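Chains as they are written, first to last, in my numbering: chain A, 1 to 303; chain B, 1 to 303. A virtual CB, placed ideally from N, CA and C, is assigned to each residue, including glycine. Predicted, not measured: the structure shown is a model, and the values here were computed from it. Worksheet: the structure to be examined is printed underneath.
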């Protein structure tokens, strides 16, 4: 089944201890769609400026991503993010954010997008995320991401949004912040009380935790010798996760667990290079082999 | 098979967001021995002062711990640690340390301890740890713990020690510090180069990683709703780990993985109460049930 993603498409300028990248293709929508495209059809709703090159459009199209919903604003400039990472690669430091065309982003779904059953609302203003939900017809799964900026700036809208989604993906620190609760198990319970049936907490190099009804699933991150650039790891994770769920078509807890591991697989590839360089050009064998490595990484026998 | 543990026995005064404990039984040797006693015979080498009450001796003896090696210094005072935790329970803050009888601790093994096949050198001066190794005859497994204090103060002695142990247990931040390498996979490789065949990195609420030859094993921590007091978690972990290895008698990688989960099980119990309150009085059923919960926590199907 296919996926609708609403998110950003950006030029990223990134510095890590291992190199720099200047105005490369980035944004939550780009990472999510590219990652999810290995599992399902993806239709992207996003906005760019006139400066967005045909070559980037082609990069996304080559992954089979439907760009009917990618709007180009005449005379506008594409969203830009500049940031750096120090040795603690869990922590992004922002140098500069130029929202540009994102400032007036008003996501309008092409008619044929409104019946898409799987919906991923990447990290944008929760009011925009809800505007998208107002337009979709009868989605099978609605998932969202968010961040501290909205937790601090629009907590009420965010709470309302959570009442309308099935699955929320959030960073660990932000889960504690949003729930105002240092214990993660309790914080998760508070967030689940707002509406979603599943909460997935991203913990960077420590993996992810899924809270779903009374059960908890702990997924490790893949221990990499070379993490080149963590930008987009969270969205690549969400892409593998929702991508697999849409492909699988069934939302059992076991399917969710596999989906989280596939999300972790995609994130582990993504951080091996700048921009989409590693995500593009993966093969099914690459993905299956790393999934098997996650199995070996976590396996232990019964007592 | 049985275990020799050299470590500290202490009075701990601890403050956490959930309560306080005043001059309760603590110390690496107490936590390790109590935890390991659920799996194997344990003989403890440690030192206390005349102020150490018979009631604490009985607590340890009731767990079947051999205290022939527990020396009481006439007129001496027992080692005391005072500390507190804030909401970040991964970080202990020391208020006061009174080494007292620990200052002149010179571990001398009773003759019958020298043939014990499993040796755990809890976190003390690496020169003392080596002094113990000079006395043991033909151990099957030697494991050690250490901390930043020795990494900073006695790095050369610590390196020499690592050339004489099979297994090293260390905190994540300390592994990076000791190897002078921010990437944990590379840091682990550097430490393994010093001698041990297995390195286990403790990550607090994120679990543990084992590096052994070319393989990595990732163990989660048990997500607890109420962590009362993290004091002794690392030593309880080591107790379950070495306790199971000694019981099992075989050091395959699969046995190591099970041992790490049992270590995590024991640590997860320990943090539920102050001092040894939760570790004492566990049943085999409690341990087996939590082991099964770790299985459920981490299980995912093949693709």
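Straight-line gap, residue i to residue j (C-alpha atoms, nearest Å)
i, j, result
"residue 146/B", "residue 270/B", "20 Å"
"residue 17/B", "residue 88/B", "10 Å"
"residue 36/A", "residue 3/A", "8 Å"
"residue 144/A", "residue 123/B", "45 Å"
"residue 292/B", "residue 224/B", "15 Å"
"residue 15/A", "residue 273/A", "12 Å"
"residue 72/A", "residue 30/A", "15 Å"
"residue 13/B", "residue 102/A", "55 Å"
"residue 251/A", "residue 242/A", "10 Å"
"residue 154/A", "residue 142/B", "55 Å"
"residue 129/B", "residue 213/A", "48 Å"
"residue 77/B", "residue 49/B", "4 Å"
"residue 168/A", "residue 255/B", "37 Å"
"residue 287/A", "residue 189/A", "32 Å"
"residue 300/A", "residue 74/A", "57 Å"
"residue 166/A", "residue 195/A", "7 Å"
"residue 109/B", "residue 121/B", "13 Å"
"residue 303/A", "residue 298/B", "15 Å"
"residue 283/A", "residue 259/A", "17 Å"
"residue 112/B", "residue 66/B", "11 Å"
"residue 240/A", "residue 56/A", "21 Å"
"residue 127/A", "residue 261/B", "44 Å"
"residue 96/B", "residue 32/B", "22 Å"
"residue 219/A", "residue 148/A", "23 Å"
"residue 139/B", "residue 6/B", "14 Å"
"residue 208/B", "residue 257/B", "11 Å"
Chain-ordered chain A contacts of residue i [CB-CB under 7 Å]
i, result
"residue 216/B", "223, 297"
"residue 261/B", "300"
"residue 288/B", "303"
"residue 278/B", "None at all; the shortest Cβ gap to chain A is about 17 Å."
"residue 182/B", "87"
"residue 155/B", "By Cβ distance, chain A contributes nothing, its closest Cβ being about 20 Å from residue 155/B, past 7 Å."
8 Å Cβ cut-off: residues of chain B touching residue i
i, result
"residue 254/A", "300, 301"
"residue 31/A", "Simply none; closest approach about 22 Å."
"residue 196/A", "Chain B residues near residue 196/A: none, gap ~18 Å exceeds 8 Å."
"residue 107/A", "Simply none; closest approach about 34 Å."
Beta-carbon neighbours of residue i, restricted to chain A and to distances below 8 Å
i, result
"residue 118/B", "In chain order: nothing, as chain A lies at least about 19 Å away."
"residue 185/B", "223, 224, 225"
"residue 203/B", "206"
Counted within 10 angstroms of its Cβ, other Cβ atoms place residue i as buried (16 or more) or exposed
i, result
"residue 183/B", "buried"
"residue 163/B", "exposed"
"residue 161/A", "buried"
"residue 296/B", "exposed"
"residue 91/A", "exposed"
"residue 100/A", "buried"
"residue 171/B", "buried"
"residue 80/B", "buried"
"residue 211/B", "buried"
"residue 289/A", "exposed"
"residue 230/B", "buried"
First through last residue of the alpha helix (DSSP H) which encompasses residue i
i, result
"residue 240/B", "233-248"
"residue 269/A", "253-270"
"residue 287/B", "284-298"
"residue 33/B", "28-36"
"residue 62/A", "54-62"
"residue 164/B", "Looking at the DSSP string, residue 164/B is not in any alpha helix (DSSP H), and its letter there is neither H nor E."
"residue 11/A", "Where residue 11/A is concerned, there is no enclosing alpha helix (DSSP H), although the beta strand (DSSP E) it sits in stretches over 10-16."
"residue 39/A", "It is not in any alpha helix (DSSP H) - residue 39/A carries neither H nor E in the DSSP assignment."
"residue 173/A", "172-179"
Interface partners of residue i on chain B, CB under 7 Å
i, result
"residue 209/A", "223"
"residue 291/A", "303"
"residue 139/A", "Chain B residues near residue 139/A: none, gap ~25 Å exceeds 7 Å."
"residue 126/A", "Chain B residues near residue 126/A: none, gap ~27 Å exceeds 7 Å."
Endpoints, the beta strand (DSSP E) within which residue i is located
i, result
"residue 148/B", "Note, residue 148/B: premise wrong, no beta strand (DSSP E); alpha helix (DSSP H) at 148-153."
"residue 98/A", "92-98"
"residue 191/B", "Element bounds for residue 191/B: not the beta strand (DSSP E) but the alpha helix (DSSP H), 184-192."
"residue 73/B", "70-73"
"residue 202/A", "198-202"
9 Å Cβ cut-off: residues of chain A touching residue i
i, result
"residue 230/B", "Neighbours of residue 230/B on chain A: none; closest Cβ ~13 Å, over 9 Å."
Neighbour list for residue i in chain B, Cβ cutoff strictly below 9 Å
i, result
"residue 257/A", "299, 300, 301"
Exercise. When you check each C-beta in the stretch 84-100 of chain A against every C-beta of chain E, which residues fall closer than 7 Å?
Worked result: Note that chain E does not occur in the displayed structure, where the protein chains are A and B.
Exercise. Between the stretch 27-45 of chain A and the stretch 116-123 of chain A, are three or more C-beta pairs nearer than 8 Å?
Worked result: yes
Exercise. Does the pairing of the stretch 178-193 of chain B with the stretch 231-247 of chain B give three or more beta-carbon distances under 8 Å?
Worked result: no
Exercise. Does the stretch 263-283 of chain B come close enough to the stretch 228-239 of chain B to have 3 or more Cβ pairs within less than 8 Å?
Worked result: yes
Exercise. Taking three-plus beta-carbon pairs below 8 Å as touching, is the stretch 188-206 of chain A in contact with the stretch 276-291 of chain B?
Worked result: no
Exercise. Touch check for the stretch 132-139 of chain B and the stretch 52-72 of chain B: three-plus C-beta pairs under 8 Å?
Worked result: no
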